[in-house]
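Residue numbers (my numbering): 191 to 803.
Below you'll find the structure, written out as structure tokens, and then a few comments.
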Amino acid sequence: MSVTTQLGLLLWKNFTYRRRQKLQLLVEIVWPLFIFFILIAVRLNYPPYEQHECHFPNKAMPSAGTLPWIQGILCNANNPCFRNPTPGESPGIVGNFNDSIISRLFSDAKKILLYSQNDKNLEGFKELARTLQVLQSSRSGFQLKHFLRDNETLSSFLLTNASFPEESVRQIREANVNLEKVILQGFNVHLKNMCPSKGGRQNLSDYVRISDPEVAARVQQIVCQAPAAWLDLAQEHFMSNLDFFRPVRRDVHSDPEAVQQVATATNNLLESLASLAVELAGMKSWIDLRNEIVFLTQNATSSPSVMYQAVSRIVCGHPEGGGLQIKSLNWYEDSNYKALFGNHNSSEDETALYDNSSTPYCNSLVSSMDSSPMAHMIWQALKPLLLGKILYTPHTPATQRIIHEVNRTFQELGVFRDLGGMWEEMRPKVWDFMENSQEMNMIRAMLRNNITASFITSKLSRTDWTVDKFSHFLSNQVENSHQPESIVTWREVFNETDQAIMSISRFMECVNLDKLEPVSNEELLINRSMKLLEDRKFWAAIVFPDIAPNATALPPKVNYKIRMDIDNVERTNKIKDAYWDPGHALTHLKICDTSGAVSHTCKMSLSKASSER
């Protein structure tokens, strides 16, 4: 039988069988199609993972500066990956976080310090006060009517609401005024404070002198006996009719040279104040920082990711969503998620005991960090950095020259610890200056005056600030019903600054800045390191094997080795998964950049170079 005949019989048999078994035929046709459609559905709903090129922010070494170094630690804790090259990859640029709020805040503070070196405001205030004294002495005197606006309503108010006769009103209008004191301090004066018998600090006669003693006594009596509501109404009515700078602008024939000097001093002061206002209006870092701090305060109980994004915006300049997370098949082994599942050493999981050598704030902070698994994981990663020690051996004059340079990085951080004490000393002086100083009262008076306010408004035309905003910000009234809720006053900024500085100072008291500890030899160094490891207070150890115990000079070539905790470095004793991997920095909260050899090698290299100078 030929092959063709056999093939034909086989096909006929197969066809006949399928025709009789129709259900089996249907299953054999539908089943592959069903599998095929499942694969298509999976592909449509779960597209293949496309891994683009990854640009990781570089980690600045301590040689780049304390702030870039700390930013590199915090901003790379969650290992963000970016599609496009980061700024730090460009030649000559060290940090990737120059657009962060904290970096812009330091930059703005530097600009203010540099600007203050050439600022002429203080000289302007002194010159204006001097010219006002000259103008005051050159005339027989300024009268209250010289300060009243055209079409003033103060006279009618005194006639109707205070029941003064017309003659008394005329004498009040012609009362002699101390020009210097009115212009420099008049804005801060309230009628409530002009009654010494009720605890007032000032007297009405300090500013105006009424020729008739009876009228003067009656005015003083009304000020002391009138209810507070009436005094507020009288104060508002009185201030609305005043123009502090009208006597300066009007034509005074007795001494035009003195008037010209006052006008010149006023113009110079306005120019310098307007320049300072424009400089301050262009600095938005403190506004952004305040908004983020308010957000953190209002969302203190939010998820850790929300909190981390806010902190990232402050320190790093981008939210955590700005970078993509790289998935790993060995996520359990390569990350600290084991801590979330309780798979960590029992010695590290013990409840922190109260430390009598520390402050109550620090003990409360440590207790709160151990309150949840996520906070515990973060605390275990940061504890060596904050409380850890750097051991070194041998302890000789030669090694001390290098170690002294290493310690400079931590000495710079010590400024934040002393910041609280310095602020406590300066705090009352700053408050008194903002509330009662002649300079601030003069600025408030200028902002209330139409002529000077118009000049400053023209200078602020290209900024987001206005004269009204500055006036509300500098207002020294505790309760101001006319003040918009969105405008922040200097009192709020002062109180928030006070809380921030004291919080930073208290936190820095919890950080061990005395990190360098000498040990006689390497054997004792290992023993001491093991004890510190039990409390996770071991950061690193530095051994100088070629320096004799009694050496006083450094050799031409200094050899050293850095010993670290093996749990904080990449393991090499097992085969890793064979797929594309961005590197050992993939692991979350892996502190290889904080406890690793690279950071300490940078410190040692710079210290050796500095000690040889």
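Note that CB positions come from ideal geometry on N, CA and C, so glycine has one too.
Here I691 is near W613, since their CB atoms are less than 8 Å apart. With fewer than 16 other CB atoms across the displayed protein chains lying within 10 angstroms of its CB, K721 is exposed. With contacts defined by Cβ atoms closer than 8 Å, D654 and A471 form a contacting pair. Judged by DSSP in its simplified three-state form, E707 adopts strand. Contact check between the region 307-321 and the region 274-292: fewer than three CB pairs, one atom from each, fall below 8 Å, which does not count as touching. Going by beta carbons, P403 and N393 fall outside the 8 Å limit. Excluding its 5 nearest sequence neighbours in each direction, G314 has C-beta neighbours in its own chain below 8 Å: A455, N458, L459, S462 and L463, listed in chain order.
Counting the other Cβ atoms within 10 Å of the Cβ of G507 gives 16 or more, which makes it buried.
Beta-bridge pairing by DSSP links A730 to I580.
In this structure T679 touches F663 by the C-beta definition: roughly 6 Å separates them, less than 8 Å. Distance between R360 and H380, taken at the CA atoms: about 22 Å. Setting aside the 5 residues that flank it on each side, L486 is surrounded in the same chain by A500, each with a C-beta closer than 6 Å to its C-beta; the list follows chain order.
A direct Cα-Cα distance of roughly 15 Å separates A743 from Y750. Between the region 689-706 and the region 567-587 there are three or more C-beta pairs closer than 8 Å, enough to call the two in contact.
The beta carbons of L334 and A299 sit no closer together than 8 Å. In the three-state reduction of the DSSP assignment, N553 falls in the helix class. The beta carbon of I283 lies closer than 8 Å to those of P277 in the same chain, with the five residues before and after it left out.
A straight line joining the alpha-carbon of I752 with that of V733 spans about 6 Å. Put simply, the backbone Cα of R696 is about 22 Å away from that of K619.
The C-beta distance from M630 to F684 rounds to 13 Å, too long to meet the 8 Å contact threshold. According to the DSSP assignment, R753 belongs to the beta strand (DSSP E) that extends over K751 to R753. Looking from the CA of D658, the closest CA among N666, S651 and R638 belongs to R638. Boundaries of the alpha helix (DSSP H) around G262: T256 to C265.
The three-state reading of DSSP puts N366 in strand, counting E and B together.
Residue range R598 to N626 is occupied by the alpha helix (DSSP H) that includes V605.
In this model, P584 and N597 are separated by some 17 Å (Cα to Cα).
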